[in-house]
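Quick note on numbering: the sequence shown equals residues 49 to 422 in my numbering.
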Amino acid sequence: MNDVLTGIERDVVIDYLRSELPVLTVKLNFMQGSGFIVPAGQYLIQQTAIIFSERFVPQYAKSLQTEVVVSFYFKKRGLFFNSVLQGKNSKCAVGIPNIISKIEDTQPEKVFENYSGKLLYAATKGQTEVAFSSNARYPLFNPFVWRNVKLSAAFFEILEANTAFIRSNQNGNLIECMCESQEMLLVYGKRFPEKNPFPFKACLLNEELQKKPVGIVSTYKREVDSFAGNLFVPFSDTKKTVAAEIPVTFFSQTAFPQACEKIMEQLAFIPAVSYIAEKKEENTAVQDRISPLEIVYISERYVTFVCSSKTISFVPMQEYSFLINIGYRNVRAKCGVRHVFEHDGKIAAICVFTRLNPEDKRFLYEKIYGTVYR
């Protein structure tokens with residue numbers, strides 16, 4: 049089978065869809081990671097249009113001319129095509145284009161990149177050196193830290209005790225849209241940002257939300273008026289998504305750019321909170337072993353360390369010399385401890401760089417955000 053199916057091969061696939069009606073997965077182009085499923089047998093094909101009930105379509109996707117990717121299996125081979133989702137009355141439809149493409153049989157397995165380095169600090173008997181390495185559970189240079197946590201009661205307990213986040217009781221179309229998109233929801237002055245205020249695509253923008261049907265947009269406005277928070281975050285693990293928020297009082301009269309900087313600092317806490325909230329291994333030998341120093345977050349401004357409370361004693365305001373090996377590059381800097389918190393024999397330290405070479409700062413920025421340093 050060719051990578052691209054046209055003509056007779058395409059017709060064979062359409063006949064298969066018409067007779068077998070396999071499960072369809074529909075992904076939305078304008079929201080990364082969002083979409084819905086049309087169950088097997090729950091649609092029909094008229095000529096080259098696939099028609100199904102609107103009940104399968106989430107509210108946030110019910111807008112005219114929504115670009116989508118439709119995928120399905122044909123004789124154990126994954127196929128997909130690009131189309132446009134359209135709705136009328138209680139029905140929705142996607143057209144089958146002239147070209148159907150083949151999904152690669154195998155996806156390259158993502159290899160964990162291990163990074164290592166050293167922390168050095170002055171002690172009573174001279175300089176002390178502590179080696180550290182990265183943690184496969186919390187890979188570095190991933191700015192979307194809220195998508196990689198282990199949700200538990202302990203997670204939210206530690207989160208609320210040590211950060212500005214609280215578990216949100218808010219619900220409605222906006223929160224549903226946020227959870228589906230896996231992007232943060234930022235509301236400032238009762239408005240959504242027109243342009244992305246972060247160095248990566250971290251939050252939903254007004255333009256995206258305004259594309260929804262008029263009825264949905266009007267509910268957004270009503271919901272915003274009831275919000276007690278400025279920022280909402282969809283914390284996710286492999287099983288579910290739970291919303292948390294930062295209350296309006298945290299930002300006080302802070303100007304918008306400074307508010308975004310405060311948000312970026314709060315993000316540096318998330319991997320550490322998740323790490324500390326994890327239960328210890330039941331095996332006694334593992335349980336009693338002193339955990340090594342590990343780095344779970346780094347950006348051009350912040351670096352976060354975790355370990356057993358017996359490994360190292362972090363002291364707020366203490367300064368460390370810092371060295372990390374990233375490929376062929378050795379980044380040397382100084383960092384000061386901004387926040388320290390402990391739980392169940394584990395400790396976390398959120399540090400801020402106090403001295404960092406401009407070229408290393410540029411390198412770290414572009415490494416984590418995948419964009420040119422500004």
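All C-beta atoms in this analysis are idealised placements derived from N, C-alpha and C, irrespective of residue type, glycine included.
- Query: For Gly-277, is the classification buried or exposed, using 16 other Cβ atoms within 10 angstroms of its Cβ as the cut-off for buried?
  - Reply: buried
- Message: Taking 8 Å as the cut-off, does the stretch 376-388 touch the stretch 358-366 (at least 3 CB pairs, one atom from each stretch)?
- Response: yes
- Message: Quick check: what's the CA-CA separation for Leu-127 versus Met-226?
- Response: When rounded, the separation of the alpha-carbon atoms in Leu-127 and Met-226 is 28 Å.
- For Gln-134, which residues of its own chain have a beta-carbon under 6 Å away from its beta-carbon, when the five flanking residues on both sides are left out? Ala-141
- Have a look at Arg-195, Asn-210 and Arg-215 and flag the residue whose alpha-carbon is nearest the alpha-carbon of Ala-201. Arg-215
- Task: For Val-178, collect the residues of the same chain with a Cβ closer than 6 Å to its Cβ; drop the 5 residues on either side in sequence, then sort them by chain order.
- Result: Leu-167, Leu-341 and Ile-360
- Query: Just curious, the beta strand (DSSP E) that Pro-45 is in, first and last residue?
  - Reply: Missing from the structure shown is residue 45; the chain here goes from 49 to 422 and no further.
- Presumed contact (8 Å Cβ cut-off) between Leu-72 and Val-86, rounded CB distance: 4 Å
- Item | Touch test, the stretch 286-295 against the stretch 317-327, Cβ-Cβ under 8 Å, three pairs minimum | Inter-segment contact for the stretch 286-295 and the stretch 317-327 is absent: fewer than three beta-carbon pairs are separated by less than 8 Å.
- In terms of residue numbering, what span does the beta strand (DSSP E) encompassing Pro-295 cover? Unbroken beta strand (DSSP E) run through Pro-295: 289-295.
- Message: Tell me the rounded alpha-carbon separation between Tyr-64 and Tyr-121.
- Response: When rounded, the distance between both Cα atoms is 10 Å.
- Within 8 Å, strictly: CB atoms of Ile-346 and Val-197: no
- Item | Where Asp-336 falls: helix, strand or coil (DSSP) | Residue confidence for Asp-336 is low, a pLDDT of 49 falling below 50, so the modelled location carries little weight; the figure read from the coordinates is stated next. It is coil, neither helix nor strand.
- If you draw a straight line from the alpha carbon of Tyr-417 to that of Pro-245, how long is it in whole angstroms? 13 Å
- Message: Please report the straight-line C-alpha distance between Thr-302 and Glu-208, rounded to a whole angstrom.
- Response: 21 Å
- Measure the beta-carbon distance from Ile-398 to Ala-307 and round it to whole angstroms, keeping in mind my assumption that it falls under 8 Å. That pair is no contact at about 18 Å.
- Inter-residue spacing [alpha-carbon to alpha-carbon] between Phe-298 and Pro-406: 31 Å
- Alpha-carbon spacing of Ile-148 relative to Leu-92, whole angstroms: Rounded to whole angstroms, the gap between the alpha carbons of Ile-148 and Leu-92 is 18 Å.
- alpha helix (DSSP H) containing Leu-281: first to last residue? It is worth fixing the name first, because residue 281 is Val in this sequence and not Leu. Per DSSP, Val-281 belongs to no alpha helix (DSSP H); it is in the beta strand (DSSP E), 277-284.
- Query: Within 10 angstroms of its Cβ, does Lys-394 collect 16 or more other Cβ (buried), or is it exposed?
  - Reply: buried
- Item | Residue ranges of each beta strand (DSSP E) within the stretch 166-199, 3 or longer | 174-182
- For the candidate residues Arg-195, Asn-219, Ala-212 and Phe-240, whose alpha-carbon lies nearest to that of Ser-229? A check of alpha carbon separations from Ser-229 across Arg-195, Asn-219, Ala-212 and Phe-240 identifies Arg-195 as the nearest.
- Item | N- and C-terminal bounds of the alpha helix (DSSP H) containing Lys-409 | Annotation: the continuous alpha helix (DSSP H) that includes Lys-409 extends over 406-417.
- Message: Quick test of your reading: Ser-138 and Ser-101, contact by CB under 8 Å. State the CB separation rounded to the nearest angstrom.
- Response: 7 Å
- Message: Let me make sure I understand the geometry here. Which of Tyr-376, His-391, Pro-305 and Phe-401 has the alpha-carbon closest to that of Thr-352?
- Response: Phe-401
- How big is the Cα-Cα spacing for Val-235 and Val-61? 46 Å
- Query: What does DSSP give as the partner residues of Gly-126 in its beta bridges?
  - Reply: Tyr-121
- Out of Ile-311, Asp-408 and Tyr-350, state which residue places its alpha-carbon closest to the alpha-carbon of Thr-211. Ile-311
- Item | Which of helix, strand or coil DSSP assigns to Gln-95 | Secondary structure of Gln-95 (DSSP, three-state): coil.
- Query: Near Val-74, what residues of its chain come up, given a Cβ to Cβ distance below 6 Å and the 5 sequence neighbours on each side ignored?
  - Reply: Answer for Val-74: Gly-83, Phe-84, Val-116 and Val-118, listed in chain order.
- Task: Identify every residue that forms a DSSP beta bridge with Val-400.
- Result: Tyr-350 and Gly-384
- Using a Cβ-Cβ cut-off of 6 Å (strictly less than) and excluding sequence neighbours within five positions of Leu-315, which residues of its own chain qualify? Val-193
- Message: Starting from Cys-140, trace the beta strand (DSSP E) in both directions and tell me its first and last residue.
- Response: 139-143
- Item | Environment of Tyr-368 [buried if 16+ CB atoms lie within 10 Å] | Per the 10 Å Cβ criterion, buried.
- Where Leu-252 sits in the DSSP three-state scheme: coil
- Message: Give me the residue from Leu-188, Arg-349, Gln-107 and Ser-357 with the minimum Cα distance to Ser-339.
- Response: Taking each of Leu-188, Arg-349, Gln-107 and Ser-357 in turn and checking the Cα distance to Ser-339, the smallest one comes out for Ser-357.
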